[in-house]
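Q:
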DNA sequence: CTGTTAGCGCCTTCAG
DNA sequence: CTGAAGGCGCTAACAG
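Chains as they are written, first to last, in UniProt numbering: chain A, 1 to 344; chain B, 1 to 344.
1) Rounded to the nearest angstrom, what separates residue 9/A and residue 20/A at their Cα positions?
2) When you compare the CB of residue 298/B with every CB in chain A, is at least one pair closer than 7 Å?
3) Which same chain residues end up closer than 6 Å to residue 338/B when comparing Cβ atoms and leaving out the 5 residues on each side of it in sequence?
4) Using the three-state DSSP reduction, which class does residue 175/A fall into: helix, strand or coil?
5) Looking at chain A, which residues of the region 20-52 of chain B have a Cβ within less than 7 Å of any of its Cβ atoms?
6) How would you label residue 17/B, buried or exposed, when you count the other beta carbons within 10 angstroms and need 16 or more for buried?
7) Where do the ends of the beta strand (DSSP E) carrying residue 187/A lie?
8) Does the beta-carbon of residue 310/B have 16 or more other beta-carbons within 10 angstroms, so that it is buried, or is it exposed?
9) By how many angstroms is the C-alpha of residue 204/B removed from the C-alpha of residue 201/A?
10) Tell me which same chain residues have a C-beta within less than 7 Å of the C-beta of residue 330/A, skipping the five on either side of it?
11) Any idea which residues DSSP pairs residue 329/A with across the strands?
12) Any beta-carbon of chain A closer than 7 Å to the one on residue 341/B?
13) Apply the 10 Å Cβ neighbour rule to residue 243/B and answer buried if 16 or more other Cβ atoms are within range, or exposed otherwise.
14) Taking the Cβ atom as the reference point for each residue, do residue 96/A and residue 50/A lie within a distance shorter than 7 Å?
15) For residue 323/B, name the three-state secondary structure that DSSP assigns.
16) Given that residue 87/B touches chain A, what residues does it touch there, using C-beta distances under 7 Å?
17) In chain order, what are the residue ranges of uninterrupted alpha helix (DSSP H) at least 4 long that sit wholly in the region 12-51 of chain B?
18) Inspect the beta-carbon positions of residue 89/A and residue 301/A and report whether they are closer than 7 Å.
19) Output the boundary residues of the alpha helix (DSSP H) element that contains residue 123/A.
20) Candidates 85/B, 145/B and 275/B: which alpha carbon is nearest residue 345/B's?
21) For residue 43/B, is the classification buried or exposed, using 16 other Cβ atoms within 10 angstroms of its Cβ as the cut-off for buried?
22) By a C-beta neighbour count over all protein chains shown, 10 Å radius and 16 as the cutoff for buried, is residue 28/A buried or exposed?
23) How would you list, in chain order, the residues of chain B whose beta-carbon sits under 8 Å from the beta-carbon of residue 240/A?
24) For residue 209/A, which of 257/A, 197/A, 73/A and 182/A has the nearest alpha-carbon?
25) If the cut is a Cβ gap below 9 Å, which residues of chain A does residue 301/B touch?
26) Is residue 245/A helix, strand or coil by DSSP?
27) Since residue 280/A meets chain B, which of its residues come closer than 9 Å, beta carbon to beta carbon?
28) DSSP beta-bridge partners for residue 119/B?
29) Where do the N-terminal and C-terminal ends of the beta strand (DSSP E) with residue 272/B fall, by residue?
30) Beta strand (DSSP E) containing residue 288/B: first to last residue?
31) Whose C-beta lies closer than 8 Å to the C-beta of residue 100/A among residues of the same chain, with five residues either side of it excluded?
32) With a threshold of 7 Å between beta carbons, is residue 2/B in contact with chain A?
33) Who are the near neighbours of residue 191/A in its chain, counting only those whose CB is closer than 8 Å to its CB and skipping five residues on each side?
34) At a cut of 8 Å, does the region 47-66 of chain B reach the region 262-279 of chain B through at least three beta carbon pairs?
35) Using CA coordinates, which residue listed in 83/B, 104/B, 147/B and 247/B is at the minimum distance from residue 196/B?
36) Identify the residues that DSSP records as bridge partners of residue 304/A: which are they?
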């Protein structure tokens with residue numbers, strides 16, 4: 001039997017025989033209320049089925065418990081797995097997640113940013129890697145904000161992401177440990193910060209193992225499947241073959257494996273391959289790809305931890321924005337083994 | 001230069017030289033305000049950067065513009081693609097999406113359902129297929145609600161989903177058109193309503209083509225990959241081989257294809273196979289699977305349309321809950337061809 | 001430790 | 001067509 005009208009704080013107060021202020025305190029700072037009073041109040045809450053009206057509360061406090069998550073693409077598996085971490089952590093802290101899907105459309109982003117104001121959002125999580133440049137936005141009083149996956153261009157928001165250097169290093173060390181020395185790096189580019197860092201991890205591992213790098217094995221690429229295929233062709237043309245390919249991401253690795261298969265080679269018997277990201281496809285291709293797994297749900301969790309710290313600190317003075325880099329794990333599958341003894 | 005304090009309706013009223021009532025009207029029912037006045041107000045809104053305070057508005061109106069979406073698993077691709085439709089349509093209607101991730105945990109579901117009350121949610125979208133049975137829930141005054149993908153057990157909520165019968169029929173007709181007559185149906189079960197309906201579609205198509213069904217080609221299954229594999233083994237043991245397998249879902253189809261490959265057969269040359277759902281894997285296996293695509297984003301869009309109708313009608317009297325079945329499309333890939341001429 | 005009270009910003013009668 | 005005023009439910013002083 002659902003009560004016709006949702007009980008308010010006054011109903012509870014009346015039934016408990018106390019004032020509404022006491023009810024409010026009993027709910028939100030129980031320690032400031034006498035034990036017996038608290039019990040009476042809780043009792044009354046039970047019988048009335050009272051739930052605090054979040055709208056009234058937010059209006060009064062000038063801030064809601066809603067965190068807006070802005071993402072360019074909800075469908076992206078990277079996003080959804082991270083969202084799990086975000087949602088779980090936010091809920092544990094009594095905050096709710098409002099989803100904004102920008103589709104990379106600045107207008108949609110602006111509209112959602114406005115939500116931040118109108119809903120008095122407690123915080124903002126940005127997956128977008130950028131904020132629309134517009135007077136509307138710069139005039140908007142944004143709540144505490146944190147960037148995830150990609151730092152936000154031209155803005156000093158704290159950032160939580162993967163430690164690409166550590167990841168690049170782990171992948172390389174794995175190849176090295178399997179006995180590879182002639183390792184190609186596929187996807188060299190200045191364009192993408194993450195790729196640059198993965199390369200740096202590669203260099204670190206090679207240096208630490210005192211392996212001299214052969215520049216001809218460093219192949220440019222943009223992370224596309226074509227760039228992986230192209231790299232293989234290039235290497236065959238140059239006639240400087242590696243025994244292993246360390247690819248800047250899984251997509252590139254898949255391209256490499258395609259091209260190798262097309263030429264009749266076997267992975268991993270003829271060549272070993274590693275990727276980076278652990279996209280869903282990595283399991284379905286054959287052989288399954290050994291790769292570095294993006295710690296997505298941990299990134300989500302950490303992002304909310306940092307964001308809540310910001311919210312609770314409410315120094316408007318943002319100090320040096322912190323960067324949190326989560327070290328990713330290597331996931332072992334079938335695309336790496338020891339180098340073949342006989343040359344190709 | 002961000003204004004120190006967010007402008008309120010009073011600021012706008014003062015600058016426009018009107019009362020706050022007029023501002024409110026100019027914003028929400030412009031037709032009830034003189035043109036010149038409206039212009040003055042809009043002008044003032046522009047200079048102040050005024051955004052209406054959704055919390056105050058919701059408090060006053062007793063209802064927010066938030067729609068709660070409850071899903072057991074955010075990571076499920078089925079969910080995320082549907083969410084795109086939901087989000088897009090909701091946004092077009094000025095509503096926001098709050099995400100609740102239940103992980104099939106009744107306690108989490110109950111907590112989120114409570115949000116519905118505390119945030120005065122305008123509506124509720126259920127992916128869960130069930131509601132926790134608890135006094136807490138039955139006592140809760142839930143807002144207009146709509147179920148998606150799975151109807152809610154023991155509750156009469158309108159439901160938007162795929163037309164499984166039409167889908168089953170399309171897949172079967174495709175096989176028939178390719179020349180198959182001995183078609184196995186894999187995944188027969190009473191347990192799952194969706195599967196039952198897909199079977200009905202199969203029967204319809206077979207009947208329409210006046211093909212006599214061979215009961216030995218109807219194989220039970222639960223939609224798992226193992227059940228697909230098992231079906232193949234069973235059919236080979238019975239020694240009654242079909243020329244094509246119509247599988248109740250993609251996962252089953254993948255199991256069928258695995259087992260066929262293990263026995264050294266080629267799909268589609270030796271056997272044709274169809275699935276249902278169009279899961280991401282369907283593209284990655286070889287050959288890529290011809291299947292029925294779940295119209296996920298349309299389902300999302302339709303769900304919000306129906307929900308908004310409910311919200312706006314606000315007859316508390318729910319009439320016969322409507323069912324909206326979206327007819328899915330066949331997606332042609334590589335797993336179907338004409339039956340081989342020579343028997344296996 | 002508890003009660004009284006003043007708004008938070010808005011929408012909506014009710015009068016003009 | 002416009003203005004005045006009440007109150008949605010709650011929290012945070014401020015008193016007691």
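All C-beta atoms in this analysis are idealised placements derived from N, C-alpha and C, irrespective of residue type, glycine included.
A: Taking the geometry as given:
1) In the first chain, residue 9/A corresponds to position 9, counting from 1. In the first chain, residue 20/A corresponds to position 20, counting from 1. Rounded to the nearest angstrom, the two C-alpha atoms are 6 Å apart.
2) For the purposes of this step, residue 298/B is taken as the residue at position 298 of the second chain. Taking Cβ atoms only, chain A never reaches closer than 7 Å to residue 298/B, which makes this a no.
3) The residue given as residue 338/B occupies position 338 in the second chain. Closer than 6 Å at the Cβ level, and outside the excluded window around residue 338/B, lie 178 and 179.
4) Indexing the first chain from 1 puts residue 175/A at position 175. Here residue 175/A sits in helix by DSSP.
5) 49, 51 and 52
6) Here residue 17/B is taken as the residue at index 17 of the second chain, counted from 1. Classification for residue 17/B: exposed.
7) The count along the first chain starts at 1 and reaches residue 187/A at position 187. Segment 183-188, the beta strand (DSSP E) holding residue 187/A.
8) Residue numbering aside, residue 310/B sits at position 310 when the second chain is read from its first letter. So residue 310/B ends up on the buried side.
9) Along the first chain, one-based indexing puts residue 201/A at 201. Along the second chain, one-based indexing puts residue 204/B at 204. Taking the straight line from one Cα to the other gives about 60 Å.
10) Start at 1 with the first residue of the first chain, and residue 330/A comes out as number 330. Within the same chain, residue 330/A has close Cβ partners 170, 171, 174 and 292.
11) One-based indexing of the first chain puts residue 329/A at position 329. BP columns for residue 329/A point to 293/A.
12) What you label residue 341/B is simply residue 341 of the second chain in a count that begins at 1. Answer no: the Cβ-Cβ gap between residue 341/B and chain A never drops below 7 Å.
13) Here residue 243/B refers to the residue found at position 243 when the second chain is read from its first residue. Label assigned to residue 243/B: buried.
14) For the purposes of this step, residue 96/A is identified with residue 96 of the first chain, where counting begins at 1. For the purposes of this step, residue 50/A is identified with residue 50 of the first chain, where counting begins at 1. Contact flag unset, no.
15) Working through the second chain from its first residue, we reach residue 323/B at position 323. Here residue 323/B sits in strand by DSSP.
16) What you label residue 87/B is simply residue 87 of the second chain in a count that begins at 1. Simply 74, 99 and 101.
17) 20-28 and 35-48
18) To locate residue 89/A, count along the first chain from 1; it is residue 89. To locate residue 301/A, count along the first chain from 1; it is residue 301. Cβ distance < 7 Å, so residue 89/A and residue 301/A count as in contact.
19) Translated into the one-based positions of the first chain, residue 123/A becomes position 123. No alpha helix (DSSP H) contains residue 123/A, which is instead part of the beta strand (DSSP E) from 123-126.
20) With chain B covering 1 to 344 only, the question about residue 345/B has no answer from this structure.
21) To locate residue 43/B, count along the second chain from 1; it is residue 43. Exposed: under 16 other Cβ atoms inside 10 Å.
22) As a first step, residue 28/A must be located in the first chain, where it is residue number 28. So residue 28/A ends up on the exposed side.
23) Reading the first chain from its first residue, position 240 is the one you call residue 240/A. The premise fails here: residue 240/A is roughly 31 Å from chain B at the closest Cβ pair, so nothing lies under 8 Å.
24) Residue 209/A sits at position 209 when you count from the first residue of the first chain. Residue 182/A is the option with its Cα nearest to residue 209/A.
25) Start at 1 with the first residue of the second chain, and residue 301/B comes out as number 301. Going along chain A, no residue has its Cβ under 9 Å from residue 301/B, so there is no contact; the nearest lies around 13 Å.
26) Numbered from 1 along the first chain, position 245 holds the residue referred to as residue 245/A. Strand at residue 245/A.
27) One-based indexing of the first chain puts residue 280/A at position 280. Going along chain B in sequence order, the residues near residue 280/A (Cβ under 9 Å) are 77, 280, 281 and 284.
28) In the second chain, the residue the question calls residue 119/B occupies position 119. Note: residue 119/B sits in no beta bridge, so no partner.
29) Here residue 272/B refers to the residue found at position 272 when the second chain is read from its first residue. Note, residue 272/B: beta strand (DSSP E), 272-274.
30) Taking the second chain and counting its residues from 1, one reaches residue 288/B at position 288. First-last for residue 288/B: undefined, no H or E at that position.
31) Taking the first chain and counting its residues from 1, the one referred to as residue 100/A is at position 100. Closer than 8 Å at the Cβ level, and outside the excluded window around residue 100/A, lie 68, 69, 70, 71, 108, 109, 112 and 115.
32) Counting from one through the second chain, the residue named residue 2/B turns up at place 2. Residue confidence for residue 2/B is low, a pLDDT of 40 falling below 50, so the modelled location carries little weight; the figure read from the coordinates is stated next. With 7 Å as the cut-off, residue 2/B counts as an interface residue toward chain A.
33) The residue given as residue 191/A occupies position 191 in the first chain. Same-chain partners within the cutoff: 222.
34) no
35) If you number the second chain from 1, residue 196/B lands on position 196. Checked all of 83/B, 104/B, 147/B and 247/B; the closest Cα to residue 196/B is 247/B.
36) To locate residue 304/A, count along the first chain from 1; it is residue 304. DSSP, once it has assigned bridges, lists no residue as partnering residue 304/A.
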